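For the sequence shown, full-length UniProt numbering puts the final residue at 231, and the numbers step up evenly by one.
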Amino acid sequence: MEYTDRYKAFCKRMSIYRKLMDYDQAKMAVRVGMTTPEYSNREAGRSMVSGIDLRKFSDSGADIDKMLVDVDEKPCRYVISSEIETFGEESKKEYVRGVVSEHILYMCEKKIADFSDETVKYIRLLKSIDKDSTKDSMLKCIRDVNGITDQQVISDNLGISRFKYSKIENNKELPDAMVLIRLYDLYGYVPSMYLNLYDVRGRLLDYIFDSMSQKDQEIIMNFINNLKEFV
1 MEYTDRYKAF CKRMSIYRKL MDYDQAKMAV RVGMTTPEYS NREAGRSMVS
51 GIDLRKFSDS GADIDKMLVD VDEKPCRYVI SSEIETFGEE SKKEYVRGVV
101 SEHILYMCEK KIADFSDETV KYIRLLKSID KDSTKDSMLK CIRDVNGITD
151 QQVISDNLGI SRFKYSKIEN NKELPDAMVL IRLYDLYGYV PSMYLNLYDV
201 RGRLLDYIFD SMSQKDQEII MNFINNLKEF V
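Structure below.
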């Protein structure tokens, strides 16, 4: 198993997180659904932390992005996702999410030069997600955004087999900690986006909305309120 300085730093932050909670390894193991030896091996870097392990950490309250790549959670008001939740049935929410996304993208494309590089990155990813019929594979969208047609290119960059990469891209396997760290270093999207911890499209809508002008935000909110009249 290849270990990088970035992975060792992650293991150190895992240890710090446990100690900040005033847990010994046995208590932490119980909290994340492992045996004590399993947890100890992961914290020491003797065993790879899997995507399933990371979801358990997230369920226990850990900030996965901070733990993996030392990135603080992006400030966000979650305005759009909160509004979408008010539509009740999932089919209605999905419809609203789609039309709001289309409207926001249309407005942003006209003023793309006004946004920061980070927001432009989110806009491009959102556009790719909207093009994807399944809307459930971050890695397919990453390839689309970066104009990569061959899975082998990314699998080589990640240092994993094409077979393993294909399983991850098609949501048959969660990426492990090392893959997530490399994905962040390569493409800049935080690890939690790849772990199905939340609706990525909804989160992108929230981030982009917060970056829009007050006038444009008001236009979007009026659009959503009008949707409530007939959805």
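Cβ atoms here follow ideal geometry from the backbone N, Cα and C, with glycine treated the same way. Remember, it's a predicted structure, so these values are computed and weren't measured experimentally.
Under the three-state reduction of DSSP output, residue 231 falls in the coil class, being neither helix nor strand. The beta carbons of residue 74 and residue 190 sit closer together than 9 Å. Per DSSP, residue 188 lies in no alpha helix (DSSP H) segment and is marked neither H nor E. Unbroken alpha helix (DSSP H) stretches of 4 residues or longer found wholly inside the stretch 132-211: 138-145, 151-158, 162-169, 177-187, 200-211, given in chain order. About 6 Å separates the beta carbons of residue 177 and residue 68, which is inside the 8 Å limit, making them a contact pair. In the three-state reduction of the DSSP assignment, residue 90 falls in the helix class.
Judged by their CB atoms, residue 224 and residue 38 are not nearer to each other than the 9 Å cut-off.
Relative to residue 33, the option among 58, 146, 94 whose CA is nearest is 58. Secondary structure within the stretch 4-64: the alpha helix (DSSP H) runs of 4 or more consecutive residues, fully enclosed, are 5-20, 25-31, 36-43, 51-59 (chain order). Pairwise C-beta distances place the stretch 37-53 in contact with the stretch 6-13, as three or more of them are shorter than 8 Å.
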